[in-house]
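Below: one structure, written as C-alpha cells.
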Amino acid sequence: MIAPDSEMPLTGHTDVTHAQVQKDDDIHIVGLENLMRLLKRLKKHGIRNPNSDELWDDVPQLTGRSISSEYVQGRNELSNLRRSLDEAKLCMAALNGIRGHLAQRIELLRGACIPIVLEDGIRTLPDEILSHIFEHGHDVSTGWEFTKCVSQVSRRFRQVSLRTPILWSRISSFYSDDQVLAFLSRSRGKGLEISAFQDCNLSEKSFANFLRPHLNRVVQLEIDDAETMEKLGLHNLPRLDDLQSQNYIDLSSWHLPSLCEIFATEVFDGPTSLHAHLTHVEFFFNGGVDLVSFSQAVNSMTSLRNLSVTLGDCAGDEPDDSEILRSRDLHTVPIETLEITIRQIASSIYAARLYDALGFLFPSTVEIDVDYLGDETPSDFLRNSAGDRFPYGSTIKNRRATDGSLGTTLQSRRWDQLGILPTLVAACDVVNSIHIEAPMGSLFGLHILARPVNINWVIFASLRHLELRYCDQLYSSNVRLLADNLIIGAIPGTGLQSLEILCCRSIPEKFLLGLSAKVGPKLKWKL
Numbered sequence: 001m002i003a004p005d006s007e008m009p010l011t012g013h014t015d016v017t018h019a020q021v022q023k024d025d026d027i028h029i030v031g032l033e034n035l036m037r038l039l040k041r042l043k044k045h046g047i048r049n050p051n052s053d054e055l056w057d058d059v060p061q062l063t064g065r066s067i068s069s070e071y072v073q074g075r076n077e078l079s080n081l082r083r084s085l086d087e088a089k090l091c092m093a094a095l096n097g098i099r100g101h102l103a104q105r106i107e108l109l110r111g112a113c114i115p116i117v118l119e120d121g122i123r124t125l126p127d128e129i130l131s132h133i134f135e136h137g138h139d140v141s142t143g144w145e146f147t148k149c150v151s152q153v154s155r156r157f158r159q160v161s162l163r164t165p166i167l168w169s170r171i172s173s174f175y176s177d178d179q180v181l182a183f184l185s186r187s188r189g190k191g192l193e194i195s196a197f198q199d200c201n202l203s204e205k206s207f208a209n210f211l212r213p214h215l216n217r218v219v220q221l222e223i224d225d226a227e228t229m230e231k232l233g234l235h236n237l238p239r240l241d242d243l244q245s246q247n248y249i250d251l252s253s254w255h256l257p258s259l260c261e262i263f264a265t266e267v268f269d270g271p272t273s274l275h276a277h278l279t280h281v282e283f284f285f286n287g288g289v290d291l292v293s294f295s296q297a298v299n300s301m302t303s304l305r306n307l308s309v310t311l312g313d314c315a316g317d318e319p320d321d322s323e324i325l326r327s328r329d330l331h332t333v334p335i336e337t338l339e340i341t342i343r344q345i346a347s348s349i350y351a352a353r354l355y356d357a358l359g360f361l362f363p364s365t366v367e368i369d370v371d372y373l374g375d376e377t378p379s380d381f382l383r384n385s386a387g388d389r390f391p392y393g394s395t396i397k398n399r400r401a402t403d404g405s406l407g408t409t410l411q412s413r414r415w416d417q418l419g420i421l422p423t424l425v426a427a428c429d430v431v432n433s434i435h436i437e438a439p440m441g442s443l444f445g446l447h448i449l450a451r452p453v454n455i456n457w458v459i460f461a462s463l464r465h466l467e468l469r470y471c472d473q474l475y476s477s478n479v480r481l482l483a484d485n486l487i488i489g490a491i492p493g494t495g496l497q498s499l500e501i502l503c504c505r506s507i508p509e510k511f512l513l514g515l516s517a518k519v520g521p522k523l524k525w526k527l
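Numbering (full-length UniProt numbering), first residue to last: 1 to 527.
Shown next, in the form of C-alpha cells:
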C-alpha cells in the first residue's frame with residue numbers, strides 16, 4: 001500500500017519539483033488580490049451585464065500603483081468611475097499574467113504526456129494496424145530510409161517490418177549484393193520500384209542478374225542510361241507504369257504495355273502506341289528544347305490527362321524558328337491539369353513557342369509559374385506567337401515570384417506595369433476560378449493608385465472564385481474595387497461566390513472586418 005503524501009520520503013526528483021513549485025510561488029502577479037475579490041463577487045452574484053454597478057463597482061481601497069495612478073497623483077480622492085476603471089485594468093492584468101503561466105504549464109504537461117501516450121498507444125496497438133502505419137509511412141517517403149529507421153527501433157518493430165513486404169520493394173543499384181537479394185526476398189511478390197544508375201557500372205555488377213527473374217514485378221523505374229539497360233536485357237517490363245529518365249531515352253525496342261506515367265528531361269522516342277497510352281507526363285527541360293519535336297510528341301499522346309512542363313536555364317540560347325504545325329484547333333482537347341514553369345529565360349520567344357505547341361489543350365486546371373526572367377516585360381511571357389493571351393482553362397493558378405537576377409525596384413516596376421487579374425480574365429472567357437500568388441505584381445497595374453481606372457467588368461462574367469495569396473502590392477482600394485463590382489454590384493447570376501485574401505501584408509484587418517460586414521461570408525481572409 002502506498003503511504004500518504006505526508007509520510008512519503010522525498011527523493012531527488014521530488015526535491016527538484018518542490019523547488020520549482022516554491023520558485024513559481026514567488027512569482028508576483030499584479031492585481032491578483034483584486035481579481036480574487038472580483039471572482040468571489042461573481043461566484044456569489046453570477047455573471048451580469050458590465051453596467052451592473054452593484055457587482056462591478058464594489059471597489060476596495062487600492063493599495064498598489066494603478067495604470068492611471070500617475071495621472072491622478074495629487075488629487076484628494078478618486079471618482080468612483082476612475083476607481084472602477086483601475087480595478088478592471090488590474091483584474092485584466094492579473095488574468096493575462098495567469099493566462100501566460102497556464103499556457104507555459106500546458107505546454108510543459110503536453111510535452112511530458114505525449115511520449116507516454118505514444119508509448120502506451122503503440123504498445124497496445126495490434127501488429128496489423130502497426131503494419132498499415134508502416135505502409136503509409138513508406139508511401140509518403142522516398143528511398144529506403146524510412147524502412148531502415150522503423151526496422152531498427154525495437155525487436156517488435158523489426159518483426160512487424162519484416163512481415164510488411166512493401167517496405168522492401170524499393171531497390172537501388174547502389175545496394176550491395178546482399179541487400180539486393182534480401183530486399184527481393186522480403187518484398188515477397190510486391191511491385192518493385194527500381195533505381196538503376198550508370199555510376200554503379202551496371203554491366204560489371206550482379207545487379208542485372210539478380211533483377212532479371214523479377215522484371216515482371218517492376219512497376220516503377222528510374223534510370224539515367226537506357227542504352228545499358230537495354231543491352232543488359234532489362235527492357236521487357238510488362239507491369240511498368242511509371243518511368244523516370246534523367247537523359248535521352250529511345251523506347252522503340254522496349255516492351256512497356258502498362259506504361260502510363262513518364263518523367264523525362266528530353267523529348268523521348270518511342271512507338272505511337274506507347275505515346276497513346278500515356279496519361280501523366282512530366283518534362284523538365286534544362287538548357288533548351290526542340291519545341292517542334294516536343295509538339296509532335298504531345299500531339300501523339302491521345303490519352304493525356306496531366307501534363308507538366310518546366311522550361312529553364314535558356315539564358316544564352318535562341319529557340320529554333322521552325323514552324324510548329326497545328327494538327328488540332330485551339331482548346332479542343334480536354335485534359336485535367338496543365339502545369340507550366342518558366343525559369344531563367346532570356347527571350348519570351350521560348351514561352352510563346354511553348355504556348356503554340358500546347359494551344360490545342362483545354363485543361364480544367366492550368367497552373368503557370370514564371371520567375372527569373374530576362375530584360376523583357378512580364379506580359380511578354382503570357383502570349384503565344386500570334387500575340388494571343390495565355391493561359392486558358394476553367395481554373396487558372398498564376399504564381400509570379402521575385403526575380404533574383406534583377407534589382408527589387410526594377411523587377412517590381414516591371415510587374416506593376418502588368419495588371420495581372422484583367423490580363424488573366426481577358427485571356428479566357430470560361431475561367432471559373434483564379435488563384436494568384438504575386439509578391440511583386442500589381443493586381444490592376446500601378447496606375448490604379450494614381451487615378452480611377454476604367455475596367456470592363458463584363459469580362460469577369462464567368463469568374464466565381466478569386467484567391468489572392470502573398471500579393472504584397474495588393475491594397476485596400478483594390479479589394480474594395482473587387483467587392484463593389486463583383487459582389488455587391490454584381491448582376492444577378494454573376495459575380496464572385498468567394499473572395500479570399502491570404503497573407504497579403506498591405507491589407508489591414510480592420511478594413512477586412514468592415515468590408516465583411518457588407519459582403520458577408522463570401523469574403524475570407526488570413527493575415
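Each residue gets a CB set at the ideal place from its N, CA and C atoms; glycine is no exception.
So, helix, strand or coil for residue i, using DSSP?
{"i": "N201", "result": "coil"}
{"i": "V117", "result": "helix"}
{"i": "Q296", "result": "helix"}
{"i": "C428", "result": "coil"}
{"i": "S433", "result": "strand"}
{"i": "R400", "result": "strand"}
{"i": "S498", "result": "strand"}
{"i": "A88", "result": "helix"}
{"i": "D242", "result": "strand"}
{"i": "C149", "result": "helix"}
{"i": "I491", "result": "coil"}
{"i": "K190", "result": "coil"}
{"i": "S476", "result": "helix"}
{"i": "G97", "result": "helix"}
{"i": "G419", "result": "strand"}
Which residue marks the beginning of the alpha helix (DSSP H) containing residue i, and which one marks its end?
{"i": "S185", "result": "177–186"}
{"i": "V458", "result": "Run containing V458: none; DSSP gives neither H nor E here."}
{"i": "D484", "result": "First-last for D484: undefined, no H or E at that position."}
{"i": "H465", "result": "First-last for H465: 465–469, but that is the beta strand (DSSP E), not the alpha helix (DSSP H)."}
{"i": "F444", "result": "No alpha helix (DSSP H) contains F444, which DSSP labels as neither H nor E."}
{"i": "K44", "result": "32–45"}
{"i": "L354", "result": "348–358"}
{"i": "R212", "result": "Unbroken run through R212: none, as it is neither H nor E."}
Going by CA-CA distance only, name the one from the options that's closest to residue i.
{"i": "E135", "options": "R37, R400, L162, I194", "result": "L162"}
{"i": "L35", "options": "E193, F210, L95", "result": "L95"}
{"i": "G312", "options": "V333, N299, N286, L291", "result": "N286"}
{"i": "L221", "options": "I507, I249, Q179, S131", "result": "I249"}
{"i": "L424", "options": "N454, T147, F390", "result": "F390"}
According to DSSP, what are the bridge partners of residue i?
{"i": "T337", "result": "N306, T365"}
{"i": "D250", "result": "D269"}
{"i": "D371", "result": "R343"}
{"i": "A196", "result": "I223"}
{"i": "R389", "result": "R383"}
{"i": "T395", "result": "T365, S433"}
{"i": "V218", "result": "L192"}
{"i": "I262", "result": "L243, V281"}
{"i": "N236", "result": "H255"}
{"i": "G312", "result": "N286, R343"}
Residues in its own chain within less than 7 angstroms of residue i by CB, not counting five upstream and five downstream?
{"i": "P271", "result": "S252"}
{"i": "N485", "result": "W457"}
{"i": "P238", "result": "N216, H255, P257, S258"}
{"i": "H214", "result": "L184, L192"}
{"i": "W144", "result": "R170"}
Need the endpoints of the beta strand (DSSP E) that residue i sits in, please.
{"i": "I507", "result": "It is not in any beta strand (DSSP E) - I507 carries neither H nor E in the DSSP assignment."}
{"i": "N286", "result": "280–286"}
{"i": "A438", "result": "No beta strand (DSSP E) contains A438, which DSSP labels as neither H nor E."}
{"i": "I171", "result": "170–172"}
{"i": "L130", "result": "It is not in any beta strand (DSSP E) - L130 instead sits in the alpha helix (DSSP H) that spans 127–139."}
{"i": "L523", "result": "523–526"}
Looking only at its own chain, which residues have a Cβ that is under 6 angstroms from the Cβ of residue i, when we skip the five neighbours before and after it?
{"i": "S295", "result": "I324, A357"}
{"i": "F183", "result": "W168, I171"}
{"i": "A93", "result": "V30, G31"}
{"i": "E376", "result": "S348"}
{"i": "E107", "result": "none"}
Just checking residue i against the ligand GTP - is the residue's beta carbon closer than 7 angstroms to any of the ligand's heavy atoms?
{"i": "T365", "result": "Only the bare structure without any ligand can be found here, which leaves the ligand GTP out of the picture."}
Quick one: residues in its chain with C-beta nearer than 8 angstroms to the C-beta of residue i, no 5 flanking neighbours on either side, listed in chain order?
{"i": "E336", "result": "R305, N306, P363, S364, T365"}
{"i": "T332", "result": "F360, F362"}
{"i": "S300", "result": "T272, H275, A276"}
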